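Since the structure comes first, as structure tokens, the remarks are kept for the end.
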Amino acid sequence: MNEPFSSNPVQLDHHSLSIEKFLLEALEDLDNSLRKLNSRLFVVRGQPTDVFPRLLKEWNVTRLTFEYDPEPYGKERDGAIIKMAQEFGVETIVRNSHTLYNLDRIIEMNNNSPPLTFKRFQTIVNRLELPRRPLPPISQQQMDKCHAKIADNHDQLYGIPSLEELGFRTVGLSPAIWHGGESEALDRLNKHLDKKVWVANFEHPRVNMCTLYASPTGLSPFLRFGCLSCRVLYYNLRELYMKLRKRSSPPLSLFGQLLWREFFYTAATNNPNFDRMDGNPICVQIPWDQNPEALAKWAEGRTGFPWIDAIMTQLRQEGWIHHLARHAVACFLTRGDLWISWESGMKVFEELLLDADWSVNAGSWMWLSCSAFFQQFFHCYCPVGFGRRTDPSGDFIRHYIPILKDYPNRYIYEPWNAPDSVQKAANCVVGVHYPKPMINHAECSRLNIERMKQVYQQLSHYRGLSLLASVPTIQEEAEPPMTDESQTSSGPDSPPRSPAGAEAAGCSTAPDSSTVCTPAAYAQNEDLEDFENQTPCTSSNTYPSAAITSTSTSACLPPSTATPPSPAQSPLSWSKPSTPSSSCPSLPPPPSPATTPTQTSRKDLSRKVRRSQRQQGDCSAQQQQQGRKRGGQRRRERMRGGRREWKRASSRRRREWRMRHVERQQDIISDTR
1 MNEPFSSNPV QLDHHSLSIE KFLLEALEDL DNSLRKLNSR LFVVRGQPTD
51 VFPRLLKEWN VTRLTFEYDP EPYGKERDGA IIKMAQEFGV ETIVRNSHTL
101 YNLDRIIEMN NNSPPLTFKR FQTIVNRLEL PRRPLPPISQ QQMDKCHAKI
151 ADNHDQLYGI PSLEELGFRT VGLSPAIWHG GESEALDRLN KHLDKKVWVA
201 NFEHPRVNMC TLYASPTGLS PFLRFGCLSC RVLYYNLREL YMKLRKRSSP
251 PLSLFGQLLW REFFYTAATN NPNFDRMDGN PICVQIPWDQ NPEALAKWAE
301 GRTGFPWIDA IMTQLRQEGW IHHLARHAVA CFLTRGDLWI SWESGMKVFE
351 ELLLDADWSV NAGSWMWLSC SAFFQQFFHC YCPVGFGRRT DPSGDFIRHY
401 IPILKDYPNR YIYEPWNAPD SVQKAANCVV GVHYPKPMIN HAECSRLNIE
451 RMKQVYQQLS HYRGLSLLAS VPTIQEEAEP PMTDESQTSS GPDSPPRSPA
501 GAEAAGCSTA PDSSTVCTPA AYAQNEDLED FENQTPCTSS NTYPSAAITS
551 TSTSACLPPS TATPPSPAQS PLSWSKPSTP SSSCPSLPPP PSPATTPTQT
601 SRKDLSRKVR RSQRQQGDCS AQQQQQGRKR GGQRRRERMR GGRREWKRAS
651 SRRRREWRMR HVERQQDIIS DTR
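Be aware that the sequence shown starts at 1, since it is given in full-length UniProt numbering, and climbs by one per residue.
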């Protein structure tokens with residue numbers, strides 16, 4: 001049985017009602033378990049340093065035990081309690097059970113500094129012994145040795161407070177999706193272990209519309225609040241795998257979600273500024289914009305992009321969203337579109353998200369904003385295309401934004417492109433019943449990529465400077481414009497789709513994890529590239545922007561809207577505004593990387609020479625034969641060079657896939673179902 005969760009009351013003041021309700025249910029479940037052992041849970045209100053001196057005297061305490069908190073705030077709080085207990089002559093025993101490994105041991109094995117790459121972290125973990133096994137549940141015989149006097153007015157003195165006592169209004173409160181407590185956690189764990197095929201083969205379910213909803217086997221909130229021991233989860237998975245695979249040791253990737261949790265805990269344990277830019281040694285100091293109006297629209301689900309708004313609505317209503325949904329909204333807020341600091345988004349998640357561990361939440365936001373851990377800033381999410389690939393029918397949007405429920409599938413992700421007749425028939429006119437898009441995604445993404453490129457050029461320790469000259473842009477890796485004919489839809493009102501259109505769109509009805517987060521890429525992700533830089537879409541109208549000025553309400557603009565630079569112009573020579581602007585001017589795309597101007601001129605020159613020789617007819621047969629040999633030799637050399645380039649590109653793609661395979665495992669337990 002896990003120890004009760006302790007936290008700072010000041011921190012809880014800003015949390016949402018779903019978090020308070022979950023925590024109170026967890027305490028009630030713990031109290032019910034103790035009742036079965038003829039004991040009770042004592043809930044004491046107040047700051048630890050204020051209430052412990054009184055309790056140590058009243059209860060004649062001689063020994064105080066508690067769980068080690070690896071986060072900086074917890075270590076500071078516990079240090080004060082240990083010092084206070086020593087003054088009262090009370091022995092303190094601290095045990096590590098909230099993480100699989102001793103984080104100080106990991107740091108020690110990495111030359112006394114936390115590993116800041118997941119690959120390095122895995123290398124160290126592989127050298128460690130297995131985590132300690134969890135203790136068995138406490139028995140009645142053990143409890144008989146404990147003598148706790150239960151007063152008749154126990155509930156009045158040490159009872160669990162209700163939501164009303166804490167000042168929350170519960171009238172009209174919708175039923176909770178998540179229920180706290182160890183009993184619920186163990187029940188979900190058993191359901192999770194029933195997926196024997198997944199455990200035996202480590203098959204990650206492909207992401208589709210159904211996976212966007214809260215799963216009955218989700219475990220992340222229970223790990224956060226101590227309702228489920230991470231070691232119980234670890235050894236249950238390990239033992240089942242060994243049983244199904246005939247005692248073979250499970251791969252480390254089976255525990256990827258738990259290891260990402262450990263990774264962020266390790267990175268944050270000695271860094272009290274881990275949740276902020278100022279004073280954070282691992283955070284890139286990016287000059288983010290200040291835009292409270294845009295931040296409020298994002299947090300409240302009023303961006304004008306149905307995919308983003310539906311995700312934020314789910315977060316506010318249920319306190320949980322899928323890890324890929326977290327990637328989408330985090331990228332939209334930071335480097336993808338709004339260029340707002342990750343600190344602001346982290347605070348919103350901390351306020352609303354049930355499983356928002358301090359370390360994991362801050363680390364994930366730094367990762368997704370390319371402020372730390374992750375440097376491939378040229379990969380971004382399209383707020384239209386990414387959602388359309390995940391849920392082509394748009395049922396997820398209809399569930400959380402019912403005002404759009406009558407829109408046909410082809411317009412559900414971009415209602416501003418629907419004709420007036422369609423908008424009126426759906427009883428939802430964009431700009432009247434549903435907001436217009438607050439930004440132009442194509443222009444803002446292009447500008448932000450240039451901003452990130454210039455930020456990283458100034459970092460002397462950036463290991464990818466050689467890649468900046470060939471950073472893929474929106475235009476280079478974009479899919480064709482999404483039209484009615486090429487739209488992937490599954491609803492009854494979808495237009496017929498030709499094979500050519502299907503091939504052009506490149507959409508998968510069941511796409512896998514994306515390359516940015518978290519949080520969890522796997523080997524079956526053959527359509528990996530389809531998730532990145534999905535920006536060019538159709539544009540038909542022009543609206544004024546509410547928060548960030550733009551010339552179009554389209555999520556994305558067609559590639560033809562930009563003027564290409566001269567062939568000699570390098571992508572690194574593009575200029576950047578001296579001061580960050582809230583507008584999103586268009587940036588010219590770089591020349592196509594297929595053939596360089598030098599290669600083209602050489603080919604043209606050789607063709608002209610050979611054509612001239614053939615026309616003049618003054619070459620002897622021997623000269624012509626030698627010319628043919630030389631031409632064949634040059635062709636073979638070009639082919640060999642092409643093969644070398646192909647091998648280099650293949651090697652580069654494999655390296656990038658391996659990086660994405662690691663990066664996708666950072667959703668902590670929330671998608672292990």
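Think of the CB as a built atom: it goes at the ideal place given N, C-alpha and C, for glycine as much as any other residue. Bear in mind that the values here come from a model prediction, so they are computed numbers and not experimental data.
C-alpha gap between residue i and residue j, whole angstroms
{"i": "Val348", "j": "Phe374", "result": "22 Å"}
{"i": "Asp493", "j": "His179", "result": "Because the pLDDT at Asp493 is just 36, under 50, the model does not fix this residue reliably, and the value given afterwards should be weighed accordingly. When rounded, the distance between both Cα atoms is 38 Å."}
{"i": "Met242", "j": "Pro136", "result": "20 Å"}
{"i": "Thr117", "j": "Phe264", "result": "10 Å"}
{"i": "Ser39", "j": "Leu23", "result": "20 Å"}
{"i": "Val61", "j": "Glu91", "result": "9 Å"}
{"i": "Leu258", "j": "Leu130", "result": "14 Å"}
{"i": "Val422", "j": "Lys297", "result": "26 Å"}
{"i": "Asn126", "j": "Ser97", "result": "19 Å"}
{"i": "Arg653", "j": "Arg643", "result": "15 Å"}
{"i": "Pro4", "j": "Leu27", "result": "Per-residue confidence for Pro4 stands at a pLDDT of 36, beneath the threshold of 50, marking its modelled position as unreliable; no derived number is given."}
{"i": "Pro250", "j": "Gly79", "result": "38 Å"}
{"i": "Pro402", "j": "Ala372", "result": "37 Å"}
{"i": "Ala176", "j": "Ala294", "result": "29 Å"}
{"i": "Asn112", "j": "Glu443", "result": "44 Å"}
{"i": "Phe332", "j": "Pro383", "result": "7 Å"}
{"i": "Asp69", "j": "Thr266", "result": "12 Å"}
{"i": "Pro306", "j": "Ile397", "result": "6 Å"}
{"i": "Tyr101", "j": "Leu353", "result": "25 Å"}
{"i": "Lys195", "j": "Leu189", "result": "10 Å"}
{"i": "Pro272", "j": "Leu103", "result": "15 Å"}
{"i": "Thr211", "j": "Gly394", "result": "14 Å"}
{"i": "Arg302", "j": "Ile308", "result": "9 Å"}
{"i": "Glu58", "j": "Pro134", "result": "33 Å"}
{"i": "Val43", "j": "Ile160", "result": "6 Å"}
{"i": "Arg95", "j": "Ser33", "result": "22 Å"}
{"i": "Ala148", "j": "Thr99", "result": "30 Å"}
{"i": "Arg655", "j": "Glu67", "result": "40 Å"}
{"i": "Arg238", "j": "Arg635", "result": "56 Å"}
{"i": "Met346", "j": "Cys370", "result": "14 Å"}
Expected contact under 8 Å - CB spacing of residue i and residue j to nearest Å
{"i": "Val197", "j": "Arg261", "result": "Between Arg261 and Val197 the Cβ distance is about 24 Å, and since that is not below 8 Å, they are no contact."}
{"i": "Val284", "j": "Val455", "result": "7 Å"}
{"i": "Thr65", "j": "Ile93", "result": "4 Å"}
{"i": "Met438", "j": "Gly641", "result": "The pair is not a contact, with the Cβ atoms about 48 Å apart (cut-off 8 Å)."}
{"i": "Gly181", "j": "Asp355", "result": "Actually they are not in contact, since the Cβ atoms of Gly181 and Asp355 sit about 15 Å apart, beyond 8 Å."}
{"i": "Ala310", "j": "Tyr400", "result": "4 Å"}
{"i": "Phe168", "j": "Leu17", "result": "6 Å"}
{"i": "Val199", "j": "Leu244", "result": "7 Å"}
{"i": "Asp275", "j": "Trp358", "result": "7 Å"}
Closest by C-alpha distance to residue i, when choosing among the options
{"i": "Leu128", "options": "Val61, Lys83, Arg105, Asn32", "result": "Arg105"}
{"i": "Arg335", "options": "Leu368, Pro272, Trp657", "result": "Leu368"}
{"i": "Pro216", "options": "Tyr234, Leu193, Tyr235, Gly345", "result": "Leu193"}
{"i": "Gln141", "options": "Lys36, Ala426, Gln633", "result": "Lys36"}
{"i": "Ser364", "options": "Pro383, Asp395, Val329", "result": "Val329"}
{"i": "Pro53", "options": "Asp275, Ile81, Arg77", "result": "Ile81"}
{"i": "His154", "options": "Asp31, Glu20, Ile19", "result": "Asp31"}
{"i": "Trp416", "options": "Pro402, His433, Tyr400", "result": "His433"}
{"i": "Glu268", "options": "Ile19, Pro72, Gly46, Phe222", "result": "The displayed chain sequence assigns Ala, not Glu, to residue 268. It is Pro72."}
{"i": "Leu163", "options": "Tyr235, Gly632, Leu173", "result": "Leu173"}
{"i": "Trp342", "options": "Met277, Pro392, Trp358", "result": "Met277"}
{"i": "Tyr235", "options": "Arg245, Phe255, Ala418, Leu219", "result": "Phe255"}
{"i": "Pro115", "options": "Asn270, Glu656, Arg133, Leu34", "result": "Asn270"}
{"i": "Gly74", "options": "Gln47, Leu166, Cys146", "result": "Gln47"}
{"i": "Ser220", "options": "Ile19, Arg628, Lys629, Pro435", "result": "Ile19"}
{"i": "Glu318", "options": "Tyr213, Leu157, Lys191", "result": "Tyr213"}
### Query
Hey, is the segment 70–90 in contact with the segment 108–122, meaning 3+ C-beta pairs nearer than 8 Å?
The segment 70–90, when compared against the segment 108–122, does not touch it at the 8 Å Cβ threshold.
### Query
Within the chosen definition, does the segment 219–231 reach the segment 178–194 through at least 3 CB pairs nearer than 8 Å?
Between the segment 219–231 and the segment 178–194, the count of C-beta pairs closer than 8 Å reaches three or more; the two stretches touch.
### Query
Does the segment 448–459 touch the segment 329–345, meaning 3 or more C-beta pairs lie closer than 8 Å?
A contact is defined here as three or more CB-CB pairs under 8 Å, and the segment 329–345 meets this definition with respect to the segment 448–459.
### Query
For the segment 280–290 against the segment 380–387, are there 3 or more C-beta pairs whose distance is under 8 Å?
Short answer: they don't touch.
### Task
Check whether the segment 320–327 touches the segment 273–282, taking contact to mean three or more Cβ pairs, one atom from each stretch, closer than 8 Å.
Contact fails: fewer than three Cβ-Cβ distances are below 8 Å.
### Message
Suppose only complete runs of 3+ residues qualify. What are the beta strand (DSSP E) ranges in the UniProt domain "Photolyase/cryptochrome alpha/beta" (1–100), listed by chain order?
### Response
Listed in chain order, they are 63–67, 91–95.
### Query
Can you list the alpha helix (DSSP H) stretches of 4 or more residues lying completely in the segment 410–450, in chain order?
For the segment 410–450, whole alpha helix (DSSP H) runs of length 4 or above, ordered along the chain, are 420–425.
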